[in-house]
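One structure is given below, encoded as structure tokens.
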Amino acid sequence: MGPGTASASWGLQLGVALVFLLASGCQGLSHEGWLLLALKSQMIDSYHHLDNWNPKDPSPCAWSGVNCSSSSSSSRLAVVSLNVSNMNLSGTVGPGIGGLTELTSLDLSFNEFSGAIPPDIGNCSKLVLLNLNNNNFDGTIPPELGKLAMLTGCNLCNNRLHGPIPDEIGNMSSLQDLVGYSNNLSGSIPHSVGKLKHLKTIRLGQNLISGSIPAEIGECRNLTVFGLAQNKLEGPLPKEIGRLGLMTDLILWGNQLSGPLPPEIGNCTNLRTIALYDNDLVGPIPATIGNITYLEKLYLYRNSINGTIPSEIGKLSFAEEVDFSENFLTGGIPKELGNIPGLYLLYLFQNQLTGFIPSELCGLRNLSKLDLSINSLTGPIPAGFQYMTKLIQLQLFNNMLSGDIPPRFGIYSRLWVVDFSNNNITGQIPRDLCRQSNLILLNLGSNKLTGNIPHRITSCKSLVQLRLSDNSLTGSFSTDLCNLVNLTTIELARNKFNGPIPPQIGNCNALQRLNLANNYFTSELPREIGKLSKLVVFNISSNRLGGSIPLEIFNCTTLQRLDLSQNSFEGSLPNEVGRLPQLELLSFADNRLSGQMPPILGKLSHLTALQIGGNQFSGGIPKELGLLSSLQIAMNLSYNNLSGNIPSELGSLALLESLFLNNNNLTEDSVVDNLASVDLSHPPLPRHPTRSVVLWARS
Numbered sequence: 006m007g008p009g010t011a012s013a014s015w016g017l018q019l020g021v022a023l024v025f026l027l028a029s030g031c032q033g034l035s036h037e038g039w040l041l042l043a044l045k046s047q048m049i050d051s052y053h054h055l056d057n058w059n060p061k062d063p064s065p066c067a068w069s070g071v072n073c074s075s076s077s078s079s080s081r082l083a084v085v086s087l088n089v090s091n092m093n094l095s096g097t098v099g100p101g102i103g104g105l106t107e108l109t110s111l112d113l114s115f116n117e118f119s120g121a122i123p124p125d126i127g128n129c130s131k132l133v134l135l136n137l138n139n140n141n142f143d144g145t146i147p148p149e150l151g152k153l154a155m156l157t158g159c160n161l162c163n164n165r166l167h168g169p170i171p172d173e174i175g176n177m178s179s180l181q182d183l184v185g186y187s188n189n190l191s192g193s194i195p196h197s198v199g200k201l202k203h204l205k206t207i208r209l210g211q212n213l214i215s216g217s218i219p220a221e222i223g224e225c226r227n228l229t230v231f232g233l234a235q236n237k238l239e240g241p242l243p244k245e246i247g248r249l250g251l252m253t254d255l256i257l258w259g260n261q262l263s264g265p266l267p268p269e270i271g272n273c274t275n276l277r278t279i280a281l282y283d284n285d286l287v288g289p290i291p292a293t294i295g296n297i298t299y300l301e302k303l304y305l306y307r308n309s310i311n312g313t314i315p316s317e318i319g320k321l322s323f324a325e326e327v328d329f330s331e332n333f334l335t336g337g338i339p340k341e342l343g344n345i346p347g348l349y350l351l352y353l354f355q356n357q358l359t360g361f362i363p364s365e366l367c368g369l370r371n372l373s374k375l376d377l378s379i380n381s382l383t384g385p386i387p388a389g390f391q392y393m394t395k396l397i398q399l400q401l402f403n404n405m406l407s408g409d410i411p412p413r414f415g416i417y418s419r420l421w422v423v424d425f426s427n428n429n430i431t432g433q434i435p436r437d438l439c440r441q442s443n444l445i446l447l448n449l450g451s452n453k454l455t456g457n458i459p460h461r462i463t464s465c466k467s468l469v470q471l472r473l474s475d476n477s478l479t480g481s482f483s484t485d486l487c488n489l490v491n492l493t494t495i496e497l498a499r500n501k502f503n504g505p506i507p508p509q510i511g512n513c514n515a516l517q518r519l520n521l522a523n524n525y526f527t528s529e530l531p532r533e534i535g536k537l538s539k540l541v542v543f544n545i546s547s548n549r550l551g552g553s554i555p556l557e558i559f560n561c562t563t564l565q566r567l568d569l570s571q572n573s574f575e576g577s578l579p580n581e582v583g584r585l586p587q588l589e590l591l592s593f594a595d596n597r598l599s600g601q602m603p604p605i606l607g608k609l610s611h612l613t614a615l616q617i618g619g620n621q622f623s624g625g626i627p628k629e630l631g632l633l634s635s636l637q638i639a640m641n642l643s644y645n646n647l648s649g650n651i652p653s654e655l656g657s658l659a660l661l662e663s664l665f666l667n668n669n670n671l672t673e674d675s676v677v678d679n680l681a682s683v684d685l686s687h688p689p690l691p692r693h694p695t696r697s698v699v700l701w702a703r704s
């Protein structure tokens with residue numbers, strides 16, 4: 006102990022002694038008053054809530070937070086309640102609290118008390134309610150709390166408590182509510198919990214509790230809430246859980262529970278919520294789940310559950326949310342799901358489900374969120390989906406769906422999210438998808454759609470992301486898109502769009518991603534592109550654009566990926582390229598650019614790939630390219646008119662996998678020693694060399 010600590014401790018002891026001396030001089034003040042003043046002496050009352058705790062008073066019963074009642078052993082008034090909740094108090098709670106033996110309620114919650122919970126609280130044998138929550142208490146839970154046989158409510162949540170839950174907790178025979186979430190408690194759940202016959206609530210989430218759930222939990226027949234989410238529990242869910250017939254909430258998500266769901270869970274017929282997601286559960290969903298007819302929320306996602314979804318799921322007539330996503334479920338989607346009239350959310354994504362989407366789902370008039378994506382579903386999108394008036398989110402991407410999109414989608418429902426990407430859908434985009442002006446995300450990419458983008462889509466004011474790449478869509482770039490102030494993403498790559506990119510593109514102030522690659526866009530790139538101050542990705546590769554690269558594009562200083570390759574741009578590469586410090590990919594390959602490569606390229610320190618091959622650059626390779634220490638994927642300078650020596654500085658690019666220098670006029674005599682291979686021979690290498698013919702490849 007240092008001198009400062011010793012001095013502080015001595016000062017605290019002196020303060021407590023002075024309080025007792027003052028109190029002793031006030032003959033009318035009870036012993037409990039002295040104890041309260043001793044407690045106050047260890048508190049910091051910055052807002053003066055306890056200013057009326059006056060040693061000159063004859064009784065503490067009128068003090069703030071203090072309530073008194075007649076003692077059971079005498080006619081005198083005794084302190085039975087101390088409530089200083091939410092008074093911005095700090096400091097520690099002294100051992101004197103144990104002298105208030107008539108206390109039935111102690112509430113110190115929502116303050117900033119620190120230090121350990123005094124074991125002396127165990128002497129307050131008449132305590133019924135103990136609220137120490139929302140403070141900064143640290144240390145362990147004192148086993149002396151086990152002496153509080155009359156305690157019904159114990160709230161220790163939102164502190165810094167650590168260590169195990171003491172086995173003595175089983176002696177708190179009247180306990181009904183045990184709340185201790187958001188601490189650092191560790192160890193296992195004590196087997197003595199089975200002795201708590203009156204226990205109704207366990208809420209111990211967000212701790213470090215480990216081990217298995219003891220079978221003795223089945224003895225807590227009055228338990229209604231069993232919450233231990235976000236811990237380190239492991240092992241199976243014990244079959245004894247089926248004895249908890251009054252349980253309404255089973256909240257065990259975010260652990261490491263393994264094994265199958267016990268069929269006995271079907272005996273818990275009063276359950277309203279089952280939250281077992283983010284565990285390691287395996288095996289099938291038991292058919293007995295259908296016995297829990299009052300169940301409202303069933304969350305089993307992010308486990309390793311396999312087998313088929315039992316048809317008995319349709320018996321959950323009060324269910325509102327069912328989420329089985331991110332498992333290994335197989336077979337078809339049971340049509341019996343259509344028997345759940347109040348179903349609001351159904352998530353089955355990222356499984357191995359097959360077959361058609363059952364048309365019975367169309368009868369779920371309250372369904373708002375449906376996600377069946379990342380499965381192996383086939384067949385058409387059910388026509389009845391277009392008439393579901395509550396539907397706001399419909400995600401079917403990464404399946405094998407075919408046929409046309411039902412044409413009336415959007416007329417009857419206020420769709421927010423529509424994602425049918427990566428399927429085999431044909432036909433045209435329904436014109437009314439944004440009729441209700443709520444659509445935020447439209448992703449129909451990687452299908453076989455044809456025709457134009459409907460006007461109601463290009464003028465959809467609510468739209469944030471428009472993703473239509475990899476189809477056979479036609480038409481020009483609609484100027485209406487340029488009026489959508491919320492639009493952050495336009496992805497139209499690999500379609501058949503043509504015509505110029507309109508200068509109105511500069512009005513898309515929120516745009517972050519613009520991908521128009523592999524189309525038939527013509528004319529010059531509008532200089533208004535430079536107004537897109539939030540642009541991160543710009544890809545206009547493989548089109549028919551020409552003219553010079555507008556200098557204004559280099560005003561987009563947030564750009565990370567810039568790809569203008571495979572066009573007919575001409576002129577020089579301007580020094581303004583150095584204004585793009587965040588660039589990770591820069592590709593001007595296969596154009597008609599000429600002149601010298603600007604040394605300022607060496608300042609693009611975040612570049613991982615530099616692709617400028619297939620142009621008409623001349624002169625030497627700037628040695629400054631050796632400063633591009635983040636280059637990893639490739640540097641391609643091939644098929645130009647470069648001459649002179651290969652700079653030795655390129656040898657410092659330690660992360661670079663491939664360097665392409667073929668088909669230039671470079672000399673070999675200054676090649677650095679660590680170049681794996683240099684091949685300037687003829688006949689020339691292929692136009693697009695593979696790794697086997699690169700001029701420099703690191704092993």
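Each residue of the sequence shown is one higher than the one before, starting from 6 at the first, in the numbering used here. Backbone N, C-alpha and C define an ideal beta-carbon position, used for all residues, glycine too.
What is the rounded straight-line gap between the Cα of G5 and the Cα of L478?
Nothing can be reported for residue 5, as the shown portion of the chain is limited to 6 through 704.
What are the complete alpha helix (DSSP H) segments, minimum 4 residues, inside the stretch 297–343?
Fully enclosed alpha helix (DSSP H) runs of 4 or longer: not present.
Counting pairs of beta carbons, one from the stretch 484–491 and one from the stretch 536–549, are three or more of them closer than 8 Å?
When C-beta atoms of the stretch 484–491 are compared with those of the stretch 536–549, fewer than three pairs fall below 8 Å, so the two segments do not count as touching.
Going along the chain, which residues of its own chain have a beta-carbon closer than 7 Å to the beta-carbon of G99, five neighbours each way excluded?
For G99, the CB contacts under 7 Å within the same chain, skipping 5 residues up- and downstream, are A43, L44, Q47, P123 in chain order.
Given D112, which residues of its chain have a CB within under 6 Å of its CB, disregarding the five upstream and five downstream residues?
Around D112, the same chain offers N88, S90, N136 as residues with beta carbons nearer than 6 Å, after the five sequence neighbours per side are excluded.
Return the chain-ordered list of same chain residues with a C-beta closer than 6 Å to the C-beta of N560, the five sequence neighbours on each side being excluded.
Within the same chain, N560 has close Cβ partners G535.
When you compare only the Cα positions, how much space is there between L569 and N403?
Spanning the two alpha carbons is a distance of roughly 29 Å.
Please name the residue in C66, L447, L449, R370 whose C-alpha comes closest to that of Y417.
By alpha-carbon distance to Y417, the top candidate from C66, L447, L449, R370 is R370.
So, with DSSP's three-state summary, where would you put A121?
For A121, the secondary structure class from DSSP, reduced to helix, strand or coil, is strand.
DSSP on H167, reduced to helix/strand/coil?
Correct three-state label for H167: strand.
Who are D254's beta bridge partners in DSSP?
DSSP output for D254 lists V230, T278 as bridge partner(s).
Can you list, in chain order, the residues of its chain whose CB lies under 7 Å from that of D595, leaving out five sequence neighbours each side?
Cβ neighbours of D595 beyond the five flanking positions: S570, Q571, G619.
Suppose you measure from the CA of K395 to the CA of P411; what does that come to, to the nearest Å?
Looking at the two C-alpha atoms, the distance is approximately 17 Å.
Which residue marks the beginning of the alpha helix (DSSP H) containing L516, and which one marks its end?
Neither: L516 is in no alpha helix (DSSP H) and is coded neither H nor E.
Please classify F714: is it buried, with 16 or more other beta-carbons within 10 angstroms of its beta-carbon, or exposed?
Because the chain in this structure spans residues 6 to 704, residue 714 falls outside the shown range and cannot be described.
Rank A522, R518, T484, Q517 by C-alpha distance to the C-alpha of N500 and give the top, closest one.
Selected option, being the one with the closest Cα: A522.
Could you check whether S322 and P346 sit closer than 8 Å to each other, using their CB atoms as the reference points?
P346 is a Cβ neighbour of S322, given a cutoff of 8 Å.
Determine the closest residue to Q517 out of E529, L497, V542, R532, with distance taken between C-alpha atoms.
When C-alpha distances from Q517 are compared across E529, L497, V542, R532, the shortest belongs to V542.
In terms of residues, what are the limits of the beta strand (DSSP E) holding E239?
Looking at the DSSP string, the run of the beta strand (DSSP E) that includes E239 is 237–240.
Outcome for M602 when other beta-carbon atoms lying within 10 angstroms are tallied against a minimum of 16:
Result: buried.
Those runs of the beta strand (DSSP E) which lie wholly inside the stretch 48–131 and span at least 3 residues
48–50, 71–75, 82–88, 94–96, 110–112, 117–121, all fully within the stretch 48–131.
Bridge partners - V542, DSSP secondary structure assignment
Looking at the DSSP assignment, V542 forms a beta bridge with R518, R566.
On the criterion of 16 or more Cβ atoms from any shown chain inside 10 Å, does L473 qualify as buried, or is it exposed?
Around the Cβ of L473, a 10 Å sphere holds 16 or more other Cβ atoms; the residue is buried.
Strictly by DSSP, which residues pair up with E575?
In the DSSP output, where bridge partners are listed per residue, E575 has S553, R597.
Excluding sequence positions up to five away, which residues of its chain have a Cβ less than 7 Å from the Cβ of I605?
Correct list, in chain order: N580, V582, G583.
For V327 and P315, I'd like the C-alpha separation in whole angstroms.
About 13 Å.
Per-residue DSSP class, three states only, for Q391
DSSP places Q391 in helix when its eight states are reduced to three.
Is the shortest distance between the beta-carbon of N236 and the beta-carbons of chain C less than 8 Å?
Given the protein chain composition of this structure (a single chain), no chain C is represented.
Kindly identify the DSSP beta-bridge partner or partners of K501.
Bridge partners of K501 according to DSSP: T479.
By how many angstroms is the C-alpha of M92 removed from the C-alpha of I49?
About 10 Å.
Nearest-angstrom Cα separation, counted from G120 out to L588:
When the Cα atoms are used, L588 and G120 turn out to be separated by approximately 51 Å.
Contact check, L438 vs F414, beta carbons under 8 Å:
The beta carbons of L438 and F414 sit closer together than 8 Å.
Write down the C-beta distance between S592 and Q621 rounded to the nearest angstrom, noting that I regard them as a contact closer than 8 Å.
Not quite, the Cβ-Cβ distance comes to about 16 Å (not below 8 Å), so this is no contact.
Per the DSSP calculation, F622 is bridged to which residue(s)?
The partner list for F622 (beta bridge, DSSP) reads G600.
Could you tell me which of A67, F231, E317 sits nearest to L281, measuring between CA atoms?
The residue with the shortest Cα to Cα distance from L281 is F231.
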